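The structure under discussion appears below in the form of structure tokens.
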């Protein structure tokens, strides 16, 4: 499974990550990390459709929702109201010709109908934002799947990322989704795991080069490591 990569602002780290479960003492300017959100934390979950090859990776979205629920977080689910790049027949792994679907409508399947247009997401109303992976992050939330480092990011996705970043609120990015932050936040630190495939263990190893080409810093990390970095942001990774 993919990892959850979370950028955590020091003054808001406690909103999601209680200090009592930290593994080591913090260095100056570093954030503290644990796996459970603060009870009552308001978390925005941003989806990109329904289905790994053309939308949200459902296992990732479900795992995130389970852990947030166990931690007592209040979750609101969002998606952009835009057409999908294309529709993939998941029994064949091939595009379904002459078929089109809407990202918001498809994401509502995962949300059991309780979905809100991404245009209505305001960082002031939430403590954190999480973007599950799935090809939809690279096809519907951005054009990374087609354009690589020259991609464009959906304007609402870009707005949301920048709003949370300016507010120094946690941003979680799963699987391929770190490319979104790499594109819109100058000099951000992100990870897609390792930079070598190691026999297929790290399928997004090549993406690390695109991340660096975008001007972001790629951090080589395993999916079960929690660690601290100096500066405004820290990281926490959870394997699921």
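Residue numbers (the numbering used here): 2 to 241. Ideal Cβ positions, reconstructed from N, Cα and C, are used throughout, including at glycine. Here the structure is a predicted model, which means the values were calculated and not measured.
Exercise. Indicate the three-state DSSP secondary structure (helix, strand or coil) for residue 136 in the structure shown.
Key: coil
Quiz item: On the premise that residue 184 lies in contact with residue 220, defined as a C-beta separation below 8 Å, what is that separation, rounded to the nearest angstrom?
Solution: No, residue 220 and residue 184 are not in contact; Cβ-Cβ is about 17 Å, not under 8 Å.
Quiz item: Among 132, 155, 54, which has the Cα closest to the Cα of residue 44?
Solution: 132
Practice problem: May I ask you to report which of helix, strand or coil DSSP gives residue 100? | Solution: coil
Quiz item: In chain order, what residues of the same chain lie with their CB nearer than 6 Å to the CB of residue 127, ignoring the 5 residues before and after it?
Solution: 43, 45
Practice problem: Would you kindly report the start and end of the unbroken beta strand (DSSP E) that includes residue 118? | Solution: 116-118
Quiz item: Roughly how many angstroms lie between the CA atoms of residue 180 and residue 124, to the nearest whole one?
Solution: 20 Å
Quiz item: Mind checking residue 161: buried by the 16 CB within 10 Å criterion, or exposed?
Solution: buried
Exercise. Can you tell me which of the three DSSP states residue 43 falls into?
Key: strand
Quiz item: Are residue 139 and residue 177 touching if we call contact CB-CB under 8 Å?
Solution: yes
Exercise. For the segment 46-65 and the segment 99-112, state whether three or more C-beta atom pairs, one from each stretch, are separated by less than 8 Å.
Key: yes
Exercise. Go ahead and label residue 84 buried or exposed: buried means 16 or more other beta carbons lie within 10 angstroms of its beta carbon, across all protein chains shown.
Key: exposed
Exercise. Go through its chain and collect everything with a Cβ distance to residue 100's Cβ below 8 Å, but skip five positions before and after it.
Key: 88
Exercise. Take residue 205 and list the residues in its own chain whose beta-carbon comes closer than 7 Å to its own, dropping the five residues that flank it on each side.
Key: 177, 193, 194
Practice problem: Please classify residue 137: is it buried, with 16 or more other beta-carbons within 10 angstroms of its beta-carbon, or exposed? | Solution: buried
Quiz item: Can you check whether the CB of residue 58 is closer than 8 Å to the CB of residue 135?
Solution: yes
Exercise. May I ask you to report which of helix, strand or coil DSSP gives residue 202?
Key: coil
Practice problem: Could you name each continuous alpha helix (DSSP H) segment of 4 residues or more that falls completely within the segment 169-201, going from the start of the chain to the end? | Solution: 179-185
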